[in-house]
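Please read the structure below before turning to the comments.
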Amino acid sequence: MKSVFARGPARLEAAITPLIDMSMLLIVFFALVSQIGISDFVKMNLPAPAPSAAAPPRNEPRLVMNAITNDKGIVTAWRFSSMDFNPDSAGIASLSAAVAAAIRETPTIEVHLRADANVPFADISPVLEQVGKAATDAVPGYSVKLRLAVQPEHTDG
Amino acid sequence: MAESVSIAASLDLLARGAGPVDLFQPTSDDAPVAKRAARRARRGIALNLTPMIDVTFLLLVFFVCTTKTLDREELLRTNLSQRGGAVVNPTALALDEPPLRIELLRKDNHTVIKVLAPMSQPDSFEQLTVLFNAKRYSNENPSGLFPSDHPIELAPGKDVPWNDAVAAFNGLVRAGYHQIHFAGPQ
Numbered sequence: 001m002k003s004v005f006a007r008g009p010a011r012l013e014a015a016i017t018p019l020i021d022m023s024m025l026l027i028v029f030f031a032l033v034s035q036i037g038i039s040d041f042v043k044m045n046l047p048a049p050a051p052s053a054a055a056p057p058r059n060e061p062r063l064v065m066n067a068i069t070n071d072k073g074i075v076t077a078w079r080f081s082s083m084d085f086n087p088d089s090a091g092i093a094s095l096s097a098a099v100a101a102a103i104r105e106t107p108t109i110e111v112h113l114r115a116d117a118n119v120p121f122a123d124i125s126p127v128l129e130q131v132g133k134a135a136t137d138a139v140p141g142y143s144v145k146l147r148l149a150v151q152p153e154h155t156d157g
Numbered sequence: 158m159a160e161s162v163s164i165a166a167s168l169d170l171l172a173r174g175a176g177p178v179d180l181f182q183p184t185s186d187d188a189p190v191a192k193r194a195a196r197r198a199r200r201g202i203a204l205n206l207t208p209m210i211d212v213t214f215l216l217l218v219f220f221v222c223t224t225k226t227l228d229r230e231e232l233l234r235t236n237l238s239q240r241g242g243a244v245v246n247p248t249a250l251a252l253d254e255p256p257l258r259i260e261l262l263r264k265d266n267h268t269v270i271k272v273l274a275p276m277s278q279p280d281s282f283e284q285l286t287v288l289f290n291a292k293r294y295s296n297e298n299p300s301g302l303f304p305s306d307h308p309i310e311l312a313p314g315k316d317v318p319w320n321d322a323v324a325a326f327n328g329l330v331r332a333g334y335h336q337i338h339f340a341g342p343q
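As given, the protein sequences belong to chains A and B, one line each in that order.
All letters in the first sequence, in the order written, are residues 1 to 157 by my numbering.
All letters in the second sequence, in the order written, are residues 158 to 343 by my numbering.
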């Protein structure tokens, strides 16, 4: 009994090392996820129809096409899967081929189109046309599940 | 016991006008106390982990919030035409029903809606919804002209901004139609 008291009062210590390990792992995870998100979701001023008939995204496989614009609102590139394609006919053909390959691999995939509200339709029309053709050539009778990205009504952007 | 004796001696010294006394000066009496202090000093450097954990959690909260923000957008659903892309060919003989064509034209920095059918022309996208909802055939509206699956061809002009093209599309979806295709610019 005497030896027990000789040891002095017991010290309570929290094991902080696993806590820090877990926190760091979570940070790395979220940093990577947000990087993937950033490459898919380029910041832009999306169209905002009101009242909107749009619905939140479902948990479907998706690929995202972003129209990258300059300060004057002219499309300078199409970004798909972290790759940039020129907005000329050769670039759009390459983009369509890449989209068609993804559709062949996963036919249930949705194609999300993200373009700035001020982009003229002339810049978007060739992409819609070429992507539709390429997908139909890749999978006969197939129609692309096109999804137009818009801003929800309750946000400012 | 040894400690109380030492304190009493020190108080005595202070009363006599001597300077401050180091109570913890090791003497032969309090040798175990000195040993313990030395052992404590040898135990090593203590890291202050609290700020690190604070910063870590702040970063965590930041990344969680950023990730949530990115997904906060909604989608209008359509299918691209099977007849060679987004453009529904207006001259294609293979069409079962001729699509109803709606053109969007740009005039004086405004988008004008032109419905290529003998019907009143809408002045705004809201009116487009009201007009086409009234023309939609259903059990509740047997005098309607077009069923909800009637093909509609939306043909924005070259200079029409994407915002207006989407607004027209959205207006037609709200009116209850679900066969809407984009046609190439005129």
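The C-beta atom is built at its ideal place from N, Cα and C for all residues, glycine as well.
The structure presented is a predicted model; accordingly, all values stated were derived computationally and were not measured.
Cβ of residue i less than 8 Å from any chain B Cβ?
| i | result |
| --- | --- |
| T116 (chain A) | Sequence check: residue 116 (chain A) is Asp here, not Thr. It does: the Cβ of D116 (chain A) has a partner Cβ on chain B nearer than 8 Å. |
| L148 (chain A) | yes |
| K72 (chain A) | no |
| P107 (chain A) | no |
| S143 (chain A) | yes |
| G91 (chain A) | no |
| S125 (chain A) | yes |
| I20 (chain A) | yes |
| P152 (chain A) | yes |
Using CA atoms only, rank isn't needed, just tell me which of the options is closest to residue i.
| i | options | result |
| --- | --- | --- |
| P256 (chain B) | B:D321, B:N320, B:H307 and B:V218 | B:H307 |
| A149 (chain A) | A:Y142, A:L95, A:M83 and A:P49 | A:P49 |
| M276 (chain B) | B:L302, B:F282 and B:T235 | B:L302 |
| W78 (chain A) | A:P18, A:V33 and A:A115 | A:A115 |
| L215 (chain B) | A:A102, A:M24 and A:V139 | A:M24 |
| Y142 (chain A) | A:L12, A:Q151 and A:I109 | A:I109 |
| S89 (chain A) | A:V111, A:R62, A:A100 and A:S125 | A:S125 |
| L237 (chain B) | A:E153, A:R11 and A:R147 | A:R147 |
| F339 (chain B) | B:L311, B:N320 and B:E297 | B:L311 |
| E230 (chain B) | A:A54, A:L63 and A:V99 | A:A54 |
| C222 (chain B) | A:N59, A:F30 and A:D40 | A:F30 |
| L288 (chain B) | B:Y334, B:V190 and B:N205 | B:Y334 |
| I337 (chain B) | B:R234, B:P189, B:N205 and B:A194 | B:R234 |
| P18 (chain A) | A:S52, A:F85 and A:L26 | A:L26 |
| G107 (chain A) | A:V139, A:A93, A:K72 and A:A14 | In the sequence as displayed, the identity of residue 107 (chain A) is Pro instead of Gly. For the residues A:V139, A:A93, A:K72 and A:A14, the minimum Cα distance to P107 (chain A) belongs to A:V139. |
| T69 (chain A) | B:G328, B:I270, B:E283 and B:W319 | B:W319 |
| M65 (chain A) | A:S82, A:E105 and A:A101 | A:S82 |
| R258 (chain B) | B:V269, B:A274 and B:H267 | B:A274 |
| P304 (chain B) | B:R293, B:D316, B:K271 and B:D280 | B:R293 |
| I16 (chain A) | B:A195, B:D211 and B:K192 | B:D211 |
Can you list the residues of chain A that residue i reaches, using a CB-CB cut of under 8 Å?
| i | result |
| --- | --- |
| R331 (chain B) | P51 and A53 |
| F214 (chain B) | S23 |
| L217 (chain B) | S23, L26, I27 and F30 |
Strictly under 8 Å for the Cβ-Cβ distance: is residue i near chain A by that measure?
| i | result |
| --- | --- |
| F326 (chain B) | yes |
| N236 (chain B) | yes |
| P256 (chain B) | no |
| T268 (chain B) | no |
| P318 (chain B) | yes |
| K351 (chain B) | Because chain B spans 158 through 343 in this model, residue 351 (chain B) falls outside it and cannot be assessed. |
| V221 (chain B) | yes |
| L233 (chain B) | yes |
| Q239 (chain B) | In this predicted model, Q239 (chain B) has a pLDDT of only 49, less than 50, meaning its place in the structure is not dependable; the value taken from the coordinates is given anyway. By this cut-off, Q239 (chain B) is an interface position. |
Can you tell me where the alpha helix (DSSP H) with residue i in it begins and where it stops?
| i | result |
| --- | --- |
| L262 (chain B) | Taken as a continuous stretch (DSSP letters only), L262 (chain B) belongs to no alpha helix (DSSP H), being part of the beta strand (DSSP E) at L257 to K264. |
| D123 (chain A) | F121 to A138 |
| E231 (chain B) | Premise fails: E231 (chain B) lies in the beta strand (DSSP E), E231 to N236, not in any alpha helix (DSSP H). |
| T286 (chain B) | F282 to A291 |
| D321 (chain B) | W319 to R331 |
Along chain B, in chain order, which residues have C-beta atoms closer than 8 Å to that of residue i?
| i | result |
| --- | --- |
| L46 (chain A) | E230 |
| I16 (chain A) | L206 and I210 |
Given that residue i touches chain A, what residues does it touch there, using C-beta distances under 7 Å?
| i | result |
| --- | --- |
| A322 (chain B) | F121 |
For the beta strand (DSSP E) holding residue i, just list the boundary residues, first then last.
| i | result |
| --- | --- |
| N298 (chain B) | Segment: none, N298 (chain B) is in no beta strand (DSSP E) and carries neither H nor E. |
| N66 (chain A) | R62 to T69 |
| H338 (chain B) | I337 to F339 |
| E110 (chain A) | E110 to R114 |
| P313 (chain B) | I309 to P313 |
Please state whether DSSP places residue i in a helix, a strand or coil.
| i | result |
| --- | --- |
| F219 (chain B) | helix |
| K192 (chain B) | helix |
| D84 (chain A) | strand |
| V42 (chain A) | coil |
| A90 (chain A) | helix |
| T17 (chain A) | helix |
| V144 (chain A) | coil |
| E105 (chain A) | helix |
| I74 (chain A) | coil |
| A203 (chain B) | coil |
| A10 (chain A) | coil |
| A117 (chain A) | coil |
| A159 (chain A) | Since the first residue shown for chain A is 1 and the last is 157, residue 159 (chain A) is missing from the structure and cannot be characterised. |
| A53 (chain A) | coil |
In chain A, which residues lie less than 9 Å from residue i when you measure between Cβ atoms?
| i | result |
| --- | --- |
| L288 (chain B) | Chain A residues near L288 (chain B): none, gap ~16 Å exceeds 9 Å. |
How would you list, in chain order, the residues of chain B whose beta-carbon sits under 9 Å from the beta-carbon of residue i?
| i | result |
| --- | --- |
| P57 (chain A) | D228, E230, E231 and L232 |
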